[in-house]
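End of the sequence shown = 363 in my numbering, gap-free, step of one.
Even for Gly, the Cβ is constructed at its ideal location relative to N, Cα and C.
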Amino acid sequence: MKLSLYLGTYRNVKVFIHWTFSLLLLWIVISNVRMGAPAVDIAWTIGFVLTLFFCVTLHEFGHALAAQRFGISTKDITLLPIGGLARLEKLPEDPKQELWVAIAGPLVNIGIFLVLTIILSITGFNLEQLNMEELKINANTFVLFVASANLILALFNLLPAFPMDGGRVLRAFLAIRLPRAKATQIAGTIGQMIAIVFVFYGLFNNPILVFIGIFIFLGAAAEVSHTTQESILKGFKVKDAMMMNFQLVGFDAPLSKAIEKLLGSQATHFVVVKDDVAVGTLSKDEIIRGLQAGNENTHVGSVANQSPLKIETEEDLDEAWRKMATQNQKVVFVIENGHFLAILDQENISEFILVKSALLK
Ligand SMILES: [Zn+2]
């Protein structure tokens, strides 16, 4: 999040704006100046873009607040030049809930469109009085532009291009009848086909559409693979994948001891012990960081993770995997009857997925 500017928090959701957003504004100014547009026109255009992104923020809050109703929190919302991105802690697995969360965003834009249309008709706005040849944003047309843009935003987002909102709606409908992994595969394939159309159309007409197309194509691939992996883990418990064989390293030992073990074995994670009790984990990354900040004599305890995530042997493996991903923990403690028993790391789970998917074929 370092490359983003923090804007504020509403209902526990932080809002950031990505630095590339300034490039969008700069591009608008430069291209308008080159076309010889007067300063007042440029100001209206900038005002329009900022208003539009405020509507995009409201759209993302539509998703976030709908998810909150189902007990799912949202880490943050980031505004990018190609639109907003709400990072939900997880996606609802119940298709009906997913449907609501997905459709809530476009519904916000439709709501804004309706309100502005009513305002326009109350104020006696007349479309026929406009000079369509030279339509530009000014005090007279501002509301009309914002209203139309919201309608376009809603319709565009409702295209069934998974993982865009419409694609999520499609997946949710499919998932009512089909297994979730299968529904995601179908929605993902349709999404990628639409993405290819976007890229080709965008190459000749609109460069932003090219970016959106690439974004959708990669996003669909990532989500299909993620959902497939998750479905493989379903039905298994943490104890099925945990590692009982692990390397130990002393809390007070120097990092050189850990490096010796790192180079002399397959292990990339260590369990840190103090007085025969497991007190933390030490990863390859932490060793490297320790070396950069200090030297080989830096003691293990000062760089180890002393509060690793603790999960139970009987916990569902897919749930554990999700927790590790959202809390960004590569290795966790596995606990049985309140006592440390084993570790579970992401490589472990990846290998487990590989083996099980090979057996499925
Ligand atoms: Zn959306």
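query                                                                                             : result
Proximity below 8 angstroms, CB of Ile198 to CB of Pro162                                         : no
Where Gly237 falls, given that 16 or more other Cβ within 10 Å makes a residue buried             : exposed
Cβ-Cβ distance between Met244 and Ile337 below 8 angstroms                                        : no
Residues with C-beta closer than 6 angstroms to any heavy atom of ligand 1, in chain order        : His61, His65, Gly107, Asn159, Asp167
Inter-residue spacing [alpha-carbon to alpha-carbon] between Met326 and Phe147                    : 45 angstroms
Burial state of Phe18 (16 or more Cβ within 10 Å)                                                 : buried
Burial state of Asn339, where buried means 16 or more other Cβ atoms lie within 10 Å              : exposed
Contact check, Leu273 vs Gly252, beta carbons under 8 angstroms                                   : Checking the sequence shown, residue 273 turns out to be Val, not Leu. Result no, Cβ atoms of Val273 and Gly252 do not sit closer than 8 angstroms.
As assigned by DSSP and simplified to three states, the class of Gln231                           : helix
As assigned by DSSP and simplified to three states, the class of Gly49                            : helix
Closest Cα partner of Lys138 within the set Ala39, Phe115, Val226, Gly204                         : Ala39
Residues that His271 bridges to, as DSSP identifies them                                          : Ser285
Cβ-Cβ distance between Leu82 and Phe23 below 8 angstroms                                          : yes
Burial state of Met3, where buried means 16 or more other Cβ atoms lie within 10 Å                : With a pLDDT of only 46 at Met3, under the threshold of 50, the placement of this residue in the model should not be trusted; the figure read from the coordinates follows. Per the 10 Å Cβ criterion, exposed.
Contact belief for Gly292 with Val305 at Cβ below 8 angstroms, rounded distance in angstroms      : 4 angstroms
Alpha carbon of Ile154 to alpha carbon of Leu211, nearest angstrom                                : 14 angstroms
Cβ contact check for the region 212-229 and the region 182-196: 3 or more pairs under 8 angstroms : yes
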